[in-house]
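Enquirer: Got a structure for you, written out below as structure tokens; questions coming shortly.
Numbering (full-length UniProt numbering), first residue to last: 1 to 594.
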């Protein structure tokens, strides 16, 4: 075993550990792997940076933009409004129709973008029909994921595996080659969800319109404080640092003696009789009240309406997996200056946290309860950092561009399906047309791309190349063949599906596919069979990940919004994954013979 092979094996182990833990974000982990390969001399400069120019990387980045261009026309919002009304008439029938629509849309656009639209819609309709939103959100996420596997562009994993196969000249997958088995898996998934799944789902969110102050257990964390004439703040412009540096406190509003309110705290001169509406740790609130010049207003039972007077607003915002907040603290990004919002509480991995929020490390899927002025809501919603989990409808929509955007996206699909152009070129051309026709601005296009995914691909694709170049893939393949050769290719296929499925549950779907696909090709070559069934199994297994909320971005989004626990995904996802494993293992060799 050469030094190069040993080094690559060490990197593979490091990759698994880094991707499976939160020690560093997965894009940083990918860069560690890439530059380790470059510094060691295993890869040349051109080989090392082949990932960023790889057809899969270009195609995936383009699909992010095309999906966002269509989303900004408001077509999904209109569909959501339609289903919102119908769900109140015949829940199960229209839930089925809505999920079919979501699956169909996910087959031609980024499935996470579809889920983003339907989260606030479903939370809103749940309270109207007396159903917990947690009964709706996970099935919608699963429907989007299942729909995405039916086409080449429906999921980034399909694009990645197809590009790796094409690059190595072992297979060529067309636009609808994934559909035959993908549709069978979709039907099986729907049958399980409607026969058993809805009964297995918990009722985490209230079935009635929620009082967010109660839901986030803010009792004791909110108080109104009157400024007495002898207070040291009187006559001075408000300085939040004088309070926040000493205590875990935030001033939400300054209510003047004439009843006017101010969110522009830094410009307000404090006067005797002013009221400071404060969120903070109860112990720190008590310490503040012991200081001269501060006296409490009579305690009351806080309700949402108390924080929604005038222009004040109270919203839930789910942190997206590609949010600039992911991995940062609120303090480090100057949260208030950027969004004009003050966090009252954070729901993180099922737990409500209210203390030392500024120092808390925020992750994708976390839900923030925010107090802000209503005229700042659009700033929170329009970017890629959050999904506002209430149906506000403030995003600018370009409804006049609907048919143009839809036409461009369908043209990309048709051109790729007819193999007139490679998908990377047709999708990239579609992006240019979207920008030129005004469906999306250049700034929105850049913001639409999940750059963490792009950096991930830039790092893991060269690692797959290093596995081939050093012979590590050959050695791994020979070891697996020696262990499973007595069981035949069907057993190897089943084992490969299971391996990829488990890896995707704890790593990103793209990372697991990029690492396993080269190994699949090598095994097929070593035993002298067609590599297509192995590659297809890798693609399905990596994409169809339901075991955890972190394997797929769509699951991460509904994890926070639906107030699920980690085990909720395992409870429902495990039987679905087992069913898919059995079906795929039986059908793949029929459609793609060995």
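We treat Cβ as the ideally placed atom computed from N, Cα and C, and that holds for glycine.
On the CB-based measure, 16 or more other CB atoms within 10 Å of its CB, does residue 216 come out buried or exposed?
Expert: It counts as buried.
Enquirer: Quick one: does residue 455 have its CB under 8 Å from some CB of chain D?
Expert: Given the protein chain composition of this structure (a single chain), no chain D is represented.
Enquirer: Sorted by chain position, which residues of the same chain lie with C-beta nearer than 6 Å to residue 423's C-beta, five sequence neighbours on each side aside?
Expert: Result list for residue 423: 59 and 416, in chain order.
Enquirer: Over what stretch of residues does the alpha helix (DSSP H) that includes residue 106 continue unbroken?
Expert: Here the alpha helix (DSSP H) through residue 106 covers 91-106.
Enquirer: Go through its chain and collect everything with a Cβ distance to residue 159's Cβ below 8 Å, but skip five positions before and after it.
Expert: Closer than 8 Å at Cβ, skipping near neighbours: 56, 59, 60, 63, 152, 153 and 423.
Enquirer: Please work out which residues of its chain come closer than 8 Å, Cβ to Cβ, to residue 393, disregarding the five sequence neighbours upstream and downstream, and give them in chain order.
Expert: Confidence at residue 393 is low in this model, with a pLDDT of 49, below 50, so its placement is unreliable and no value can be given for it.
Enquirer: Can you give the Cα-Cα distance for residue 328 and residue 522, rounded to whole angstroms?
Expert: Their Cα atoms are separated by approximately 40 Å.
Enquirer: Are the segment 489-505 and the segment 65-77 touching by the rule of at least three beta carbon pairs closer than 8 Å?
Expert: Output reads no: the segment 65-77 does not touch the segment 489-505.
Enquirer: Which residue comes first and which comes last in the beta strand (DSSP E) that contains residue 223?
Expert: Taken as a continuous stretch (DSSP letters only), the beta strand (DSSP E) holding residue 223 covers 222-227.
Enquirer: So, helix, strand or coil for residue 153, using DSSP?
Expert: Residue 153 falls in the coil class under three-state DSSP.
Enquirer: For residue 212 and residue 369, which I take to be in contact (beta-carbon distance under 8 Å), what is that distance rounded to the nearest angstrom?
Expert: About 6 Å separates the two Cβ atoms, so the contact holds.
Enquirer: Residues in its own chain within less than 7 Å of residue 357 by CB, not counting five upstream and five downstream?
Expert: The residues are 330, 343 and 346.
Enquirer: Taking 7 Å as the cut-off, is the CB of residue 285 close to at least one heavy atom of the ligand ZN?
Expert: This structure simply doesn't include the ligand ZN, nor any ligand for that matter.
Enquirer: Within 10 angstroms of its Cβ, does residue 574 collect 16 or more other Cβ (buried), or is it exposed?
Expert: Answer is exposed; the Cβ neighbour count stays below 16.
Enquirer: Whole angstroms are fine: how far does the CA of residue 2 sit from the CA of residue 101?
Expert: Using only the alpha carbons, I get a separation of about 53 Å.
Enquirer: Got a sec? Which residues, its chain only, sit under 6 Å from residue 163 by beta carbon, not counting five neighbours each side?
Expert: These residues qualify, in order along the chain: 55 and 56.
Enquirer: Keeping to the same chain, check which residues put their C-beta closer than 7 Å to that of residue 325; ignore five residues upstream and five downstream.
Expert: Cβ within range, chain order: 319, 333, 362 and 385.
Enquirer: Hey, how far is the Cα of residue 103 from the Cα of residue 83?
Expert: Their Cα atoms are separated by approximately 14 Å.
Enquirer: Ordered along the chain, which non-local residues of its own chain (more than five positions away) have a Cβ less than 7 Å from that of residue 4?
Expert: Counting only Cβ-Cβ distances below 7 Å, and skipping sequence neighbours, we find 42 and 470.
Enquirer: Buried or exposed: which applies to residue 316, given that a residue is buried once 16 or more other Cβ atoms fall within 10 Å of its Cβ?
Expert: Classification of residue 316: buried, given that the 10 Å Cβ count is 16 or more.
Enquirer: Restricting to Cα atoms, I'd like to know which of 296, 510, 348 and 135 is closest to residue 196.
Expert: When only C-alpha atoms are compared, the closest one is 135.
Enquirer: Decide if the segment 102-117 is in contact with the segment 504-514; the criterion is three or more beta carbon pairs, one per stretch, under 8 Å apart.
Expert: Taking 8 Å as the limit for Cβ pairs, the verdict is that the segment 504-514 does not touch the segment 102-117.
Enquirer: With a CB to CB cut of under 6 Å and the five nearest residues on each side skipped, what residues in its chain are close to residue 599?
Expert: Outside the modelled stretch of the chain, which goes from 1 to 594, sits residue 599, for which no answer is possible.
Enquirer: Do residue 466 and residue 519 count as a contact pair if the criterion is CB distance below 8 Å?
Expert: Going by C-beta atoms, residue 519 is not nearer than 8 Å to residue 466.
Enquirer: Kindly provide the ranges of any alpha helix (DSSP H) runs that are 4 or more residues long and lie completely inside the segment 391-422, ordered along the chain.
Expert: As far as the segment 391-422 is concerned, its whole alpha helix (DSSP H) runs of at least 4 residues are 402-417.
Enquirer: Terminal residues of the continuous alpha helix (DSSP H) containing residue 128?
Expert: Residue 128 -> alpha helix (DSSP H) spans 111-129.
Enquirer: Using DSSP with H/G/I as helix, E/B as strand and the rest coil, what is residue 318?
Expert: Reduced to three states, the DSSP call for residue 318 is strand.
Enquirer: Select from 507, 90 and 228 the residue whose C-alpha is nearest the C-alpha of residue 29.
Expert: When each option's Cα is compared against that of residue 29, the closest is 507.
Enquirer: Only counting the same chain, and skipping five residues up and downstream in sequence, which positions put a Cβ closer than 7 Å to that of residue 538?
Expert: Correct list, in chain order: 161, 496, 500, 513, 516, 517 and 520.
Enquirer: For residue 298 and residue 434, what's the separation of their Cα atoms in angstroms?
Expert: Spanning the two alpha carbons is a distance of roughly 57 Å.
Enquirer: Cα separation between residue 236 and residue 269?
Expert: Going from the Cα of residue 236 to the Cα of residue 269 covers about 5 Å.
Enquirer: For the alpha helix (DSSP H) that contains residue 371, what are its first and last residues?
Expert: Where residue 371 is concerned, there is no enclosing alpha helix (DSSP H), although the beta strand (DSSP E) it sits in stretches over 367-373.
Enquirer: Is the separation between the beta-carbon of residue 675 and that of residue 551 shorter than 8 Å?
Expert: As shown, the chain starts at 1 and ends at 594. That puts residue 675 outside it, with no answer to give.
Enquirer: Taking the beta carbon of residue 431 as the centre, do at least 16 other beta carbons fall within 10 Å, making it buried, or is it exposed?
Expert: So residue 431 counts as buried.
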